[in-house]
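K.L.:
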Amino acid sequence: MCFVTKFIKGDFISSDAMAKLRQKNPSTIRIPEEDKGKEAFIMTSWVHLNRSMAISRHLMTVCSEALDATYIRNVDLKAWAELPGSSISNLEAATEKFPDTLTSRCSEVTSLWAPCLCSLETCIGWYPCGLKYCKGKQGDSSAAAQTNYRCGIKTCRKCSQFTYYVRQKQLCLWDE
């Protein structure tokens with residue numbers, strides 16, 4: 001499975017900031033400083049990877065093993081359509097909407113061959129999500145003004161719950 005979503009740039013830090021701040025004790029098992037909770041994603045369409053260049057040139061490579069199981073949300077397509085050089089018609093041409101019929105959750109369906117809504121939760125247990133700032137004195141004198149300076153990398157944990165349509169319950173046996 002491959003889930004395609006728009007992310008907020010502020011959720012991550014730049015690679016140049018990462019390069020400048022060396023992590024002490026790299027082999028240490030880390031505990032995140034902030035838990036960003038769980039975000040729910042209700043997917044609305046499949047992505048046709050052979051037409052996915054309009055969405056991203058990377059999808060064909062990144063999602064190649066999920067040829068029939070690459071999912072996207074309409075709200076993300078609309079956000080990307082606002083970018084210069086993009087259009088909603090080009091983005092939608094790379095997708096196929098899920099059927100409009102009301103479908104039960106897979107945990108409520110008994111037949112392995114019936115369509116249903118599947119849920120999958122994934123968590124990133126530790127990732128760099130911001131810069132840490134420390135207070136320090138500028139200059140050598142004891143009367144020097146206190147300033148903030150970058151002194152490390154803030155770490156976070158975040159979970160995502162993806163809900164998406166499957167044509168058969170047997171494609172979602174973990175959602176019981």
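Residue numbers in the sequence shown follow UniProt numbering, run continuously in steps of one, and reach 176 at the last position.
Glycine residues also receive a C-beta, built at the ideal position from the N, C-alpha and C atoms.
When you compare the CB positions of leucine 120 and glutamine 170, do they come within less than 8 Å of one another, or not?
P.N.:
Remark: C-beta atoms of leucine 120 and glutamine 170 do not approach each other more closely than 8 Å.
K.L.:
What are the complete alpha helix (DSSP H) segments, minimum 4 residues, inside the region 37 to 78?
P.N.:
59 to 62
K.L.:
To the nearest angstrom, how far is it from the Cα of residue 191 to the Cα of leucine 131?
P.N.:
Outside the displayed span of the chain (1 to 176) sits residue 191, for which this structure offers no information.
K.L.:
Report the rounded CA-to-CA distance for threonine 110 versus glycine 85, giving the unit in angstroms.
P.N.:
The C-alpha of glycine 85 is placed about 46 Å away from the C-alpha of threonine 110.
K.L.:
I'd like to confirm the pairing. Which residues does DSSP put opposite aspartate 35 in its beta bridges?
P.N.:
Arg157
K.L.:
What are the start and end residues of the beta strand (DSSP E) that includes glutamate 176?
P.N.:
Careful: glutamate 176 lies outside any beta strand (DSSP E) and carries neither H nor E.
K.L.:
What number of angstroms, rounded off, separates the C-alpha of proline 99 from the C-alpha of aspartate 68?
P.N.:
15 Å
K.L.:
How would you write the range of the beta strand (DSSP E) that glutamate 96 sits in, first residue to last?
P.N.:
95 to 97
K.L.:
Under a Cβ-count criterion, where at least 16 other Cβ atoms within 10 Å of its own Cβ denotes burial, should cysteine 41 be classed as buried or exposed?
P.N.:
The question names cysteine, yet the displayed sequence has phenylalanine at residue 41. With 16 or more other Cβ atoms within 10 Å, it is buried.
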